[in-house]
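To start, the structure under review is shown below, and the notes come after it.
Residue numbers (our numbering), protein chains in the order written: chain A, 1 to 366; chain B, 1001 to 1366.
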């Protein structure tokens, strides 16, 4: 996507070929800064501290992290260590394990002196494939938006989304937002309700930044407002991303997603989840066992933003002495999900639906 | 309740008898400041800007606002004007209309030279009655908490609440929090999950401040987290306040309440609403027609808090150019409400339940 007219991905090989560059997402929407990552530790830190975030981008970054580690040391021990260090960065998004498994499988049987180049090429391939995957998700989602628009000719289609599943969460295009961009670009009248997504405000910062940059009409709302908007018939459909889908169709996504799915069901609003197949965890029977990251409480008690003079400041909103809990994700049971938008089409949110699009995939851990 | 060992109400007659004093709730939790209100305009402004808020306290403040206006000018015209100015301050809490109606009915047929004194006395009576009403709500709610505790002897009872329906929302004690204080004081082991309640953070600021001051164990959470906690069996019951209950039991309360009610139902967690009978709008058949206040978008886009050096600063969290919408309340359908905790006991959330406790009340507008 373009920032000030210049096309960007969220991750790209840096000059010199021994490092990667990423957009520092902790600075958005107030500053657009890029960051060079040239060691395994820097890469792991970037994932852990959410400089990069979003399931597909976490996977892509981890892939490059492994390539960077193997450039430094192509031994089996270094390979295993990089795998472990990167896998431990964040627990919920399964794309991380998916990308690391793919990288390990690719380089494992290669001679040591070829591992650096092979892994670098594989990481680049993961990125390119992610772009193509998201483009396809966008096209299938576009069909869906067109069908909704066709039922109410001339009227604006109102989409609600939670967190950020746009191009900043992927390498380009996005998952949940790819259909939105394509619909907007084809002239379909569209408006997005953007959940701010406390505590880290990925909606108010990243999704609003994306939509603003692309000129897509949108309105930021407190996470609390979505139920009211659905009851008021102001939402035509909900589209969110996901960090891990269990085999039965249960969906882990940013904390608060489950509440929106409940409201959508209570008001007969379609609730779609957009995902690349790398987000499906074929090994997990149901969502109950998806590990939910517990992050630091200060992400709840402290908020940073832009002061009137343009500087960035952090303020504390709770009284001293009040502790905070900060679960990062919740699980939406598949019964509340209308359908999955994948790179191979749209399917029902259950094992039969997933298997219809991805037959013979991931019966067991590779 | 006590602040630093000194007992406070949220509103009291100021020295000299021609003004009232209130706690400035926009400064909490960072500063405890009181404010003197000596004109109708100051009183209306205090309600509008949420220096005072919470349905019962809005009613009590409006009552004193009318007394202040009549002290200045006891004419019928001044009475009508004060009624109109105060009624327009906020649309959703029906206690405002209830208090103004009661004040007007009390002074209307009194001679002009007696109106100031009569109205001042009536406002004081409204405050005293509110304290007693909340105390009774607390006792009935305490029975409920004891019953929950009895099913799991020795274990902590986990209550989730949204927004602030504590003593700061009333004159003293609170509605939803009155049972919590009483349970804590009797030694019942209890912990409160405090929804931060975006966009104005009444949970993170006011409820956390209250519980912190009183020593009640609590944890602040993002509004998004409640569904996850209920699915994880970490919530035994939800208790919230309300700004207006329609005759059929539909409940208007702070935006986001509906989402918690949906999650409670989905997880078989009891969902109670605590209210004084002045919050029942007998004139409204259902909640669909409760007016929902739309507040300024900058309450979503800007957050104020305490900086590291102790000063209070406001930061902007959205990108320039992203608009925000800010509906202040939502309506929870009565089907999602387990019961009402009132000053006359606990009843089912429907007209039959309300009439069983308040027979012959409010068949039509007085």
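Glycine is no exception: its CB is placed at the ideal position from the N, C-alpha and C atoms.
**Request:** Report yes if the CB atom of residue 246 of chain A is closer than 7 Å to the CB atom of residue 341 of chain A, and no otherwise.
**Result:** no
**Prompt:** Rounded to a whole number of angstroms, what is the C-alpha to C-alpha distance between residue 1018 of chain B and residue 1278 of chain B?
**Reply:** If you draw a straight line from the Cα of residue 1018 of chain B to the Cα of residue 1278 of chain B, it is about 26 Å long.
**Request:** Pair every Cβ in the segment 311–329 of chain A with every Cβ in the segment 206–216 of chain A, then say whether three or more of these pairs are closer than 8 Å.
**Result:** Judged by Cβ distances under 8 Å, the segment 311–329 of chain A makes no contact with the segment 206–216 of chain A, as fewer than three pairs qualify.
**Request:** Using the DSSP secondary-structure output, state which residues sit across from residue 253 of chain A in a beta bridge.
**Result:** A:330
**Asked** Under the three-state reduction of DSSP, which class applies to residue 290 of chain A: helix, strand or coil?
**Response** coil
**Item:** Under the three-state DSSP convention, the category residue 1209 of chain B falls into
**Value:** helix
**Prompt:** Counting pairs of Cβ atoms below 8 Å between the segment 1008–1016 of chain B and the segment 294–306 of chain A, do you hit three or more?
**Reply:** Under the three-pair Cβ rule at 8 Å, the segment 1008–1016 of chain B does not count as touching the segment 294–306 of chain A.
**Message:** With H, G and I counted as helix, E and B as strand and the rest as coil, what does DSSP make of residue 171 of chain A?
**Reply:** coil
**Asked** Smallest Cα separation from residue 1092 of chain B: which of B:1114, B:1073, B:1056?
**Response** B:1056
**Prompt:** Straight-line CA distance for residue 369 of chain A to residue 190 of chain A?
**Reply:** Limits of chain A in this structure are 1 at one end and 366 at the other, which puts residue 369 of chain A out of reach.
**Asked** In the segment 301–325 of chain A, which residues sit with their C-beta less than 9 Å from some C-beta in chain B, listed in chain order?
**Response** If the cut-off is 9 Å between Cβ atoms, the segment 301–325 of chain A has 301, 302, 303, 304, 305, 306, 307, 308, 312, 313, 314, 315, 316, 317, 318, 319, 320, 321, 322, 323, 324, 325 near chain B.
**Asked** Is DSSP giving residue 51 of chain A helix, strand or coil here?
**Response** coil
**Prompt:** Which of the residues in the segment 1252–1281 of chain B, read from start to end, lie with their CB under 7 Å from any CB of chain A?
**Reply:** Of all residues in the segment 1252–1281 of chain B, 1255, 1256, 1258, 1259, 1262, 1263, 1266 have a Cβ within less than 7 Å of some Cβ in chain A.
**Item:** Under the three-state DSSP convention, the category residue 364 of chain A falls into
**Value:** Caution is warranted here: a pLDDT of 49 is assigned to residue 364 of chain A, below 50, making its placement in the model unreliable, and no coordinate value can be reported.
**Request:** Go ahead and label residue 1051 of chain B buried or exposed: buried means 16 or more other beta carbons lie within 10 angstroms of its beta carbon, across all protein chains shown.
**Result:** buried
**Request:** For chain A, find out if any of its Cβ atoms is closer than 7 Å to the Cβ of residue 1219 of chain B; answer yes or no.
**Result:** yes
**Prompt:** Looking at C-alpha atoms only, which residue of B:1164, B:1211, B:1348 is the closest neighbour of residue 1250 of chain B?
**Reply:** B:1348
**Prompt:** Closer than 7 Å, CB to CB, is residue 1032 of chain B near chain A or not?
**Reply:** no
**Request:** Kindly identify the DSSP beta-bridge partner or partners of residue 1347 of chain B.
**Result:** According to DSSP, which records beta bridges pairwise, residue 1347 of chain B is partnered with B:1340.
**Item:** Residue-level contact to chain B via CB, residue 327 of chain A, 7 Å cutoff
**Value:** yes
**Runs of alpha helix (DSSP H) lying entirely within the segment 1110–1134 of chain B, each at least 4 residues, in chain order** = none
**Contacting residues, own chain, Cβ-Cβ under 7 Å from residue 1090 of chain B (five flanking each side not counted)** = The residues 1047, 1048, 1058, 1096, 1293, in chain order, have a CB closer than 7 Å to that of residue 1090 of chain B in the same chain once the five nearest residues on each side in sequence are set aside.
**Request:** State yes or no: is the C-beta of residue 1163 of chain B within less than 7 Å of the C-beta of residue 1203 of chain B?
**Result:** yes
**Request:** May I ask you to list, following chain order, the residues of the segment 63–81 of chain A that have a beta carbon less than 8 Å from some beta carbon of chain B?
**Result:** none
**Prompt:** With a cut-off of 7 Å, does the C-beta of residue 101 of chain A fall near any C-beta of chain B?
**Reply:** no
**Asked** If we cut at 7 Å on Cβ distances, does residue 54 of chain A have a partner in chain B?
**Response** no
**Rounded C-alpha distance that separates residue 253 of chain A from residue 265 of chain A** = 17 Å
**Item:** Near-chain B residues of the segment 218–237 of chain A - C-beta to any C-beta below 8 Å
**Value:** Residues 218, 219, 220, 221, 222, 223, 224, 225, 226, 227, 228, 229, 231.
**Request:** Hey, could you find the ends of the beta strand (DSSP E) residue 1024 of chain B is sitting in?
**Result:** Looking at the DSSP string, residue 1024 of chain B is not in any beta strand (DSSP E), and its letter there is neither H nor E.
**Prompt:** Mind checking whether the beta-carbon of residue 228 of chain A lies closer than 6 Å to any heavy atom of the ligand MN?
**Reply:** No copy of the ligand MN occurs in the structure displayed, which carries no ligand at all.
**Asked** Since residue 1173 of chain B contacts residue 1240 of chain B with CB under 8 Å, what's their CB separation in whole angstroms?
**Response** Their Cβ separation, rounded to whole angstroms, is 16 Å, which puts residue 1173 of chain B and residue 1240 of chain B out of contact at 8 Å.
**Request:** Look at residue 1060 of chain B and residue 1171 of chain B and say whether their C-beta atoms are less than 7 Å apart.
**Result:** If you check the CB distance, residue 1060 of chain B and residue 1171 of chain B come in under 7 Å.
**Item:** Under 7 Å (Cβ pairs) to chain B, residues found in the segment 19–51 of chain A
**Value:** 29
**Environment of residue 361 of chain A [buried if 16+ CB atoms lie within 10 Å]** = exposed
**Request:** Please state whether DSSP places residue 9 of chain A in a helix, a strand or coil.
**Result:** coil
**Item:** Chain-ordered neighbours of residue 1205 of chain B on chain A, where CB pairs are closer than 9 Å
**Value:** Under the 9 Å cutoff, chain A gives 317, 318, 319.
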